[in-house]
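Per the numbering used here, the sequence shown starts with residue 293, numbered consecutively. We put the CB at the ideal spot given by N, CA and C, even for glycine.
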Amino acid sequence: MAVAELIFDGKHGVGESPVWRADEASLYWVDIPAKAILCWNSRSGAVRAWSLPEMAGCIAHIDGRRWLAAMESGVFMATLADDGSVNTELLAAARHAEPGMRFNDGRCDRQGRFLAGTMFLDMAAAKTVGVVSSFDANGNQRALVDQLIVPNGMAFSPDGRTMYLSDSHPTVTTVWAYDYDVATGTPANRRVFIAGGTMAGRPDGAAVDADGCYWICGNDAGFVHRYTPDGKLDRSFAVPVKKPAMCAFGGENLDTLFVTSIRPGGVDLSDQPLAGGVFALRPGVQGLPEPKVRLT
293 MAVAELIFDG
303 KHGVGESPVW
313 RADEASLYWV
323 DIPAKAILCW
333 NSRSGAVRAW
343 SLPEMAGCIA
353 HIDGRRWLAA
363 MESGVFMATL
373 ADDGSVNTEL
383 LAAARHAEPG
393 MRFNDGRCDR
403 QGRFLAGTMF
413 LDMAAAKTVG
423 VVSSFDANGN
433 QRALVDQLIV
443 PNGMAFSPDG
453 RTMYLSDSHP
463 TVTTVWAYDY
473 DVATGTPANR
483 RVFIAGGTMA
493 GRPDGAAVDA
503 DGCYWICGND
513 AGFVHRYTPD
523 GKLDRSFAVP
533 VKKPAMCAFG
543 GENLDTLFVT
553 SIRPGGVDLS
563 DQPLAGGVFA
573 LRPGVQGLPE
583 PKVRLT
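See below:
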């Protein structure tokens with residue numbers, strides 16, 4: 293059984309959006325409430341951080357030091373500087389249904405289109421105002437899926453023709469699969485992939501491996517689960533925290549699964565002192581390279 297190894301004791305309020313960069317042998321991710329992008333180099337073990345002007349729910353790599361960051365007021369091009377600062381340029385202003393919202397989970401499809409979902413910050417309100425949209429280089433945005441509370445778990449099959457999406461709110465906890473038109477970037481024919489209440493934990497961030505299996509963080513349960521393409525639970529791996537947030541494949545052979553996590557406030561953490569850390573485990577399968585943002 294694979295054992296989760298701590299690679300950085302970040303104590304992140306909400307560690308999210310891990311992205312592996314093979315050219316740097318480095319893992320990037322965000323701490324949402326800290327308004328920061330972080331990077332861990334697998335060769336040196338060094339960790340760097342960059343300060344953002346707003347909370348970022350997710351990031352995707354463009355090239356060099358340029359990233360897309362979906363923040364509170366919109367999707368920005370973010371260029372990371374040597375001094376820990378970030379130069380941001382607005383690509384598309386957010387079309388929030390009401391105040392008090394931000395972007396949450398997101399990533400590129402296999403063709404390099406950037407997709408990201410929005411949510412109301414107060415999860416207790418359970419407002420179905422979340423929307424998943426796609427964005428292009430000209431700042432155009434197109435709503436794809438609406439009436440979500442906490443959009444999460446976005447991932448794409450190896451051929452890009454299936455899109456997975458979850459709503460991780462406690463009242464929903466469902467993962468859906470969609471037929472995905474790779475030519476137009478349009479999801480259709482939604483069906484239940486993992487029914488609400490049938491997995492250990494709430495479905496949070498996700499990834500897909502080279503076999504087409506879907507990996508989903510079981511938030512509140514301390515597991516990362518692997519589901520086959522037909523929606524059957526294949527295996528589960530424990531992590532030493534209750535709230536794993538998102539997973540991503542990386543490492544030299546794409547055979548390491550990196551997992552970010554959440555450090556909740558106002559609760560006793562004596563049984564999970566590593567909450568908010570970033571972990572790595574070897575699950576015995578290979579992942580897929582994360583597509584870069586296509587800006588043409």
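Within 8 angstroms, strictly: CB atoms of residue i and residue j
i, j, result
"M446", "Y472", "no"
"A296", "F529", "yes"
"G493", "G510", "yes"
"V585", "H353", "yes"
"L457", "V424", "yes"
"N545", "P495", "no"
"G452", "R402", "yes"
"R555", "G477", "no"
"V378", "S343", "yes"
"V474", "L580", "no"
"T552", "W321", "yes"
"C348", "R335", "Here the sequence assigns Ala to residue 348, which means Cys is not the residue at that position. No; because the gap between Cβ atoms is not below 8 angstroms, this pair is not in contact."
Range of the contiguous beta strand (DSSP E) that encloses residue i
i, result
"L549", "548-553"
"P310", "307-313"
"T454", "454-459"
"E381", "378-385"
"P479", "478-486"
"H388", "Unbroken run through H388: none, as it is neither H nor E."
"I299", "297-300"
"A502", "Note, A502: premise wrong, no beta strand (DSSP E); not H, not E."
"P565", "Segment: none, P565 is in no beta strand (DSSP E) and carries neither H nor E."
Through-space distance from residue j to residue i, alpha-carbon basis
i, j, result
"P345", "A362", "12 angstroms"
"F300", "T466", "30 angstroms"
"A389", "G431", "19 angstroms"
"C350", "M393", "14 angstroms"
"T490", "P391", "33 angstroms"
"F550", "L382", "29 angstroms"
"V306", "G497", "12 angstroms"
"D323", "F395", "13 angstroms"
"W507", "P575", "11 angstroms"
"D459", "I441", "6 angstroms"
"W332", "L319", "5 angstroms"
"A314", "L587", "20 angstroms"
"A385", "A294", "42 angstroms"
"L330", "W312", "12 angstroms"
"P450", "V559", "39 angstroms"
"M538", "P479", "22 angstroms"
"A417", "L372", "35 angstroms"
"M415", "H461", "7 angstroms"
Beta-bridge pairing of residue i - partner residues as DSSP gives them
i, result
"Q433", "F427"
"A361", "I351, F368"
"C331", "Y320, R340"
"V516", "C509, F529"
"R494", "N511"
"A294", "A294 is not bridged to any residue."
"G422", "L440"
"L573", "L549"
"D471", "T454, A480"
Residue i, DSSP secondary structure in three states
i, result
"M538", "strand"
"M415", "helix"
"T410", "strand"
"T463", "coil"
"L580", "coil"
"D397", "strand"
"A326", "coil"
"A373", "coil"
"G445", "strand"
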